[in-house]
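In the UniProt record's numbering, the protein residues as written are 1 to 229. For each residue, glycine too, the CB sits at the ideal point set by N, CA and C. Note that the structure is predicted; figures quoted are calculated from it, not measured. Below is one structure, written out as structure tokens; comments come after it.
Structure below.
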């Protein structure tokens with residue numbers, strides 16, 4: 001988990017209170033307790049400051065994916081946890097950022113770009129695992145990547161509304177259930193469980209002990225026809 005947030009909550013609160021366009025860099029620097037020059041050196045712009053945590057999280061996700069030596073499904077769940085954990089460990093910052101993004105259209109557009117970067121990171125991982133060799137596999141891997149982001153974001157939105165509505169375990173369960181639908185793609189080396197042979201049917205015919213051979217054969221033939229054999 002990333003140790004701490006890069007974005008001071010006081011700065012986010014100021015952007016919400018005064019408005020994104022109306023708040024100056026000097027005011028944000030003062031709210032963050034840093035100088036103007038330090039603000040530009042650290043963030044570069046107001047917009048970059050809002051998404052500074054996002055950049056850290058994406059970098060951490062990419063590191064998690066690149067360093068993994070376990071199966072693809074487990075790795076993708078771990079990566080989803082990286083994102084979820086970073087937001088939920090800082091409820092105040094997550095709530096402020098969500099409120100700010102909801103009120104500033106230009107920031108929402110930047111958020112969509114960040115979402116696409118997560119999808120690219122997941123797809124890049126699957127491609128490096130040689131799971132997107134054909135056109136069909138590529139399409140499925142793109143779908144898996146987008147679906148993973150959608151499930152994570154749904155849990156995050158639920159958490160923002162009610163912190164007790166979901167947690168990392170529920171997120172992992174839903175992600176695993178989704179990814180298991182693509183197990184043939186994500187875990188191609190998995191041994192398929194051989195199908196059990198069907199239990200033999202038993203057909204009983206009751207005959208007289210003195211019955212002749214042709215009578216026995218006819219009785220058995222009738223019994224098999226009655227049982228659909």
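Review point. How would you call residue 70, buried or exposed, if buried means at least 16 neighbouring beta carbons within 10 angstroms?
Key: exposed
**Study point:** C-beta contact flag for residue 73 and residue 186 at 8 Å
**Key:** yes
Check your understanding: Is it the case that the Cβ atoms of residue 12 and residue 100 are separated by a distance below 8 Å?
Key -> yes
Point to revise | Length-filtered (4 minimum) alpha helix (DSSP H) runs lying within the UniProt domain "HTH tetR-type" (1-61) | key: Scanning the UniProt domain "HTH tetR-type" (1-61) for uninterrupted alpha helix (DSSP H) segments of 4 residues or longer gives 9-18, 25-32, 36-42, 46-50, listed from N- to C-terminal end.
Practice item. State yes or no: is the C-beta of residue 144 within less than 8 Å of the C-beta of residue 118? Key: no
Exercise for review: Identify, in the order they occur along the chain, each residue of the same chain with its Cβ nearer than 8 Å to the Cβ of residue 120, setting aside the five sequence neighbours on each side.
Suggested key: 145
Review point. So what's residue 129 in DSSP terms, helix, strand or just coil?
Key: coil
Check your understanding: Can you list, in chain order, the residues of its chain whose CB lies under 8 Å from that of residue 302, leaving out five sequence neighbours each side?
Key -> Outside the shown range of the chain (1 to 229) lies residue 302, about which nothing can therefore be said.
Exercise for review: Mind the definition here: the segment 39-59 touches the segment 14-24 only if three or more C-beta pairs lie below 8 Å; say whether that holds.
Suggested key: Between the segment 39-59 and the segment 14-24 there are three or more C-beta pairs closer than 8 Å, enough to call the two in contact.
Check your understanding: Got a sec? Which residues, its chain only, sit under 8 Å from residue 131 by beta carbon, not counting five neighbours each side?
Key -> 72, 137, 141, 185, 186, 188
Check your understanding: What whole-angstrom Cβ distance do residue 85 and residue 168 have, given they're in contact under 8 Å?
Key -> 7 Å
Review point. Does DSSP put residue 98 in a helix, a strand or coil?
Key: helix
Review point. How far does the alpha helix (DSSP H) with residue 154 in it reach, from first residue to last?
Key: 135-161
**Study point:** Exposure label - residue 93; buried when at least 16 CB within 10 Å
**Key:** buried
Exercise for review: Would you identify the three-state DSSP class for residue 234, choosing helix, strand or coil?
Suggested key: Given a span of 1 to 229 for the chain in the structure shown, any question on residue 234 remains unanswerable.
Check your understanding: Any idea what DSSP makes of residue 85, helix, strand or coil?
Key -> Reduced to three states, the DSSP call for residue 85 is helix.
Check your understanding: Considering only residues of the same chain and omitting the five flanking positions on each side of residue 154, which have a CB-CB separation below 6 Å?
Key -> none
Check your understanding: Run through DSSP, which three-state label would residue 63 get?
Key -> helix
Review point. Do residue 113 and residue 151 have their C-beta atoms within less than 8 Å of each other?
Key: no
Point to revise | Cα-Cα separation between residue 15 and residue 133, rounded to whole angstroms | key: 46 Å
Exercise for review: Take residue 90 as the anchor and find which of 178, 177, 8 has the nearest alpha-carbon.
Suggested key: Closest by alpha carbon: 8.
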